[in-house]
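Using this note's numbering, read the sequence shown as starting at 23 and increasing by one per residue.
All C-beta atoms in this analysis are idealised placements derived from N, C-alpha and C, irrespective of residue type, glycine included.
Note that the coordinates shown come from a computational prediction; the quantities given were computed from them, not determined experimentally.
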Amino acid sequence: MSQSPLIVAQITDTHLFADERQTLLGISTTQSLQAVLKRLKTLHPQPNIVLLTGDLSQDETPQSYERLRDCIAPLNIPTYWIPGNHDRPHTMQSILNTGCISAEKSVQVQGWRFLLLNSAVPGQVHGQLSEDTLTWLNQELQQHPTTPTVVALHHSPRPIASDWMDDINLHQPEALFAVLDRHPQVKTVLFGHIHQEFADQRQGVRYFGCPSTCVQFKPKHSDFAVAQEGPGFRLLELHPDGSYSTTVERVAYSAELDLTASGY
């Protein structure tokens, strides 16, 4: 009997607040996350792991991470996270490291490896990978040259044809590409930050952006613009032979969005 695929759920840009009543551009980020998790619970089979790819808090408070922990814990699915530009990594480390939620950044599950990179730059919106992170990534990939691998970070290393967002995506992405180009076992790179579905390919590696669990941004806009699509998450089916497929799931959720906003 063939082995069942490994199911991965990517959840990103939850932007939670200490006060669950607070909204972001008209949407309750707590309620929209709960709607996403309710949909995720209906999946059969259930995901084997969950990846949280940054901007998990909007106000950087311990209470926002405690709320995230309390929302995720009932899933009872191994969950791993990386920070985004709105996050506080040290606070996350102390709160999001219990039960099914782990702070580990190198994980192997059912013949696949997951390497989670911190692309956040303190005090900045854009991303960049430090020399230490790139060295660690290269060493991790050298140690398992034949194991199919997923790399995840918060900021997009690929341009997405939105000028305002491309300015605050990953700076110096060529440093990342230089590492990935040496390691053909890397199959895909996942990221958040852009609040929209996105797919691209470079040197045989596919790059996927993911919708936020709250506000969505309009694709291919030169300036900031809010989209009316519902919250979402990404699913991946990873097979033992290194092949995979991926889809985006959207959730029906109504809110009085501020479509005139020029930022957030």
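Under the DSSP assignment, Ser86 falls outside any beta strand (DSSP E), being part of the alpha helix (DSSP H) whose first and last residues are Pro84 to Ile94. Non-local C-beta neighbours of Asn160 in its own chain, meaning closer than 6 Å and more than five positions away in sequence, comprise Val201, ordered along the chain. Note that the C-beta distance between Ala183 and Leu212 is not below 8 Å. Around the Cβ of Glu126, a 10 Å sphere holds fewer than 16 other Cβ atoms; the residue is exposed.
Cα atoms of Lys242 and Asp185: separation of roughly 8 Å, rounded to the nearest angstrom. When DSSP states are grouped into helix, strand and coil, Lys63 belongs to the helix group. Residue state for Thr113 is assigned as helix, using DSSP reduced to three classes. Contact annotation: the region 190 to 205 does not touch the region 51 to 58, with fewer than three C-beta pairs closer than 8 Å.
Contact check for Phe255 against Cys236 fails: the beta carbons are separated by 8 Å or more. A Cβ-Cβ separation of about 4 Å places Asp35 in contact with Ser234 under the 8 Å criterion. Looking from the CA of Gln238, the closest CA among Pro179, Glu153, Gln25 and Leu47 belongs to Leu47. Between Val172 and Thr210, the gap from beta carbon to beta carbon is short of 8 Å. Nearest to Pro179 by alpha-carbon distance, out of Thr168, Gln150, Arg204 and Asp203, is Gln150. Going by DSSP, Asp222 is part of no alpha helix (DSSP H) but of the beta strand (DSSP E) stretching over Phe220 to Arg224. Excluding five sequence positions before and after Gly264, the CB atoms of its chain that fall closer than 7 Å to its own CB belong to Pro170 and Lys209, given in chain order. In chain order, Thr52 and Arg89 place their CB closer than 7 Å to the CB of Glu42, counting only its own chain and leaving out the 5 sequence neighbours on each side. Annotation for Pro96: no residue places its beta carbon closer than 7 Å to its own, counting only its chain and skipping 5 residues before and after. Look at Gln56 here: in three-state DSSP terms it is helix. Around Ala40, the same chain offers Asp81, Thr83, Gln85 and Ser86 as residues with beta carbons nearer than 7 Å, after the five sequence neighbours per side are excluded. One thing to note: Ala31 has its Cβ within 8 Å of the Cβ of Leu62.
Taking all protein chains shown into account, Gln165 has fewer than 16 neighbouring C-beta atoms within 10 Å of its C-beta and is therefore exposed. Per DSSP, Glu196 is one residue of the alpha helix (DSSP H) stretching across Pro195 to Leu202. Shown here for Val143: same chain residues with a beta carbon closer than 7 Å to its own, the five before and five after excluded, namely Gly149 and Gln150 in chain order. If you draw a 10 Å sphere on the C-beta of Gly226, you find fewer than 16 other C-beta atoms in it, and that means exposed. By the Cβ neighbour-count rule, Thr168 is exposed, with fewer than 16 other Cβ atoms within 10 Å of its own. Minimum Cα-Cα distance from Ser124 among the listed residues Pro27, His205 and Tyr102 corresponds to Tyr102.
The residue among Lys240, Gln132, Leu156 and Ile49 with its C-alpha nearest the C-alpha of Ile29 is Gln132. Going by C-alpha positions, Ser141 is about 19 Å away from Arg135.
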